[in-house]
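Residue numbers (my numbering), protein chains in the order written: chain A, 1 to 155; chain B, 1 to 155.
There are 2 protein chains.
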Amino acid sequence: MRMTDLYEFGAKTEIGSYTFDEENIIRFASRFDPQPFHIDPEAAKRSLFGGHCASGWHTCAVWMKTFVAYWLQETARLERQGLKPPTLGPSPGFQKLQWLKPVFAGDTVTYSVTLTASRALASRPGWILNNILCEGENQHGVPVLRFESTVLEFE
Amino acid sequence: MRMTDLYEFGAKTEIGSYTFDEENIIRFASRFDPQPFHIDPEAAKRSLFGGHCASGWHTCAVWMKTFVAYWLQETARLERQGLKPPTLGPSPGFQKLQWLKPVFAGDTVTYSVTLTASRALASRPGWILNNILCEGENQHGVPVLRFESTVLEFE
């Protein structure tokens with residue numbers, strides 16, 4: 001089956017949630033984004049953000065973590081129903097990433113995916129390029145992350 | 001001083017290099033992107049990529065790591081010269097991220113930044129929005145990562 005058999009254009013699907021706590025924010029940031037407002041909760045209070053918050057790249061990486069876990073569950077669910085799940089390939093990149101609001105220690109972000117377009121690639125028979133809108137919002141329903149991604153699919 | 005005092009528009013500045021090895025590829029991917037071609041070197045050989053390669057999000061996170069380290073060195077260098085380094089703020093997001101080629105285990109990516117535009121924000125006096133082109137190329141000079149980012153600066 002194809003992604004377009006599985007998802008309606010424009011329908012938002014929740015893929016999972018993740019709580020950013022002091023420990024995991026510091027662990028990621030120490031390795032990849034060691035700025036004071038990500039690695040030092042006290043210094044963060046005096047920063048532009050006014051509090052200890054996650055690296056934007058961390059919020060993206062957790063989108064990926066959440067999507068991979070969701071997709072494993074989805075493929076298992078479809079297989080249990082005797083269906084053949086869509087075969088997804090790598091992403092060539094994405095557009096318009098926005099870090100809309102800080103993700104503070106203690107925030108829980110719920111991620112979602114919305115299929116927005118799908119087209120066969122004339123140059124590569126059997127390859128399909130899907131456009132998806134990827135979003136995250138915090139426990140107050142406030143959008144914190146948004147990007148428009150592309151995902152390859154193979155017939 | 002301002003970013004525009006420090007960098008010429010269109011001039012590429014190397015900010016550092018990083019070698020993606022089997023261990024660090026697996027460590028990141030296990031946590032955030034546990035797909036077979038990122039976490040299992042044997043399975044990766046049979047994948048579309050034909051070899052064990054880093055998560056795209058890992059190559060982005062290392063761009064950030066490299067930039068933070070570079071910027072700490074730059075600010076220290078400017079201060080030693082008695083200059084006041086530009087005051088950078090957070091990034092609201094970026095555009096057009098492209099994962100151009102896989103980054104395989106053993107590859108060394110050299111990252112660079114190019115200032116492409118800078119403008120004062122009419123809505124926020126004292127705030128400047130800089131556009132930068134962020135690139136990574138492997139040890140063969142082949143581009144692997146490219147995105148257009150924005151960085152706030154405060155007068």
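From the three backbone atoms N, C-alpha and C, an ideal C-beta is built for every residue, glycine too.
7 Å Cβ cut-off: residues of chain B touching residue i
i, result
"Gln-98 of chain A", "Pro-92 and Gly-93"
Interface residues of chain B facing residue i [CB-CB closer than 8 Å]
i, result
"Gln-35 of chain A", "Val-68"
Amino acids of chain A, ordered along the chain, whose beta-carbon sits closer than 8 Å to that of residue i
i, result
"Cys-60 of chain B", "Trp-57 and Cys-60"
"Met-64 of chain B", "Phe-32, Asp-33, Ser-55 and Trp-57"
"Leu-48 of chain B", "Gly-89 and Pro-90"
Beta-carbon separation (whole angstroms), residue i vs residue j, contact threshold 8 Å
i, j, result
"Leu-88 of chain B", "Glu-153 of chain B", "6 Å"
"Met-3 of chain A", "Pro-86 of chain A", "5 Å"
"Gly-136 of chain B", "Trp-63 of chain B", "6 Å"
"Asp-166 of chain B", "Lys-65 of chain A", "Because chain B here runs from 1 to 155, residue 166 of chain B falls outside it and cannot be looked at."
"Glu-148 of chain B", "Leu-133 of chain B", "6 Å"
"Phe-49 of chain A", "Phe-37 of chain A", "5 Å"
Cross-strand partners of residue i (DSSP beta bridge)
i, result
"Gln-98 of chain B", "A:Gly-93 and B:Arg-146"
"Ile-171 of chain B", "Because chain B here runs from 1 to 155, residue 171 of chain B falls outside it and cannot be looked at."
"Phe-104 of chain B", "B:Cys-53"
"Gly-136 of chain A", "A:Tyr-111 and A:Leu-145"
beta-carbon residue i near the ligand GTP non-hydrogen atom, thresh 8 Å
i, result
"Gln-81 of chain A", "Of ligands this structure carries none, so the ligand GTP is not represented either."
query = Are the region 112-119 of chain B and the region 21-36 of chain B in contact at 8 Å, needing three or more beta carbon pairs?
reply = no
Review point. Do the region 71-87 of chain B and the region 137-148 of chain B meet, that is, are 3 or more Cβ pairs less than 8 Å apart?
Key: no
Is the region 102-110 of chain B touching the region 53-63 of chain B in the sense that three or more CB pairs, one from each, lie closer than 8 Å? yes
Item to check | Given 8 Å, three or more beta-carbon pairs between the region 86-106 of chain A and the region 89-97 of chain B | outcome: yes
task = Mind the definition here: the region 13-20 of chain B touches the region 56-72 of chain B only if three or more C-beta pairs lie below 8 Å; say whether that holds.
result = yes
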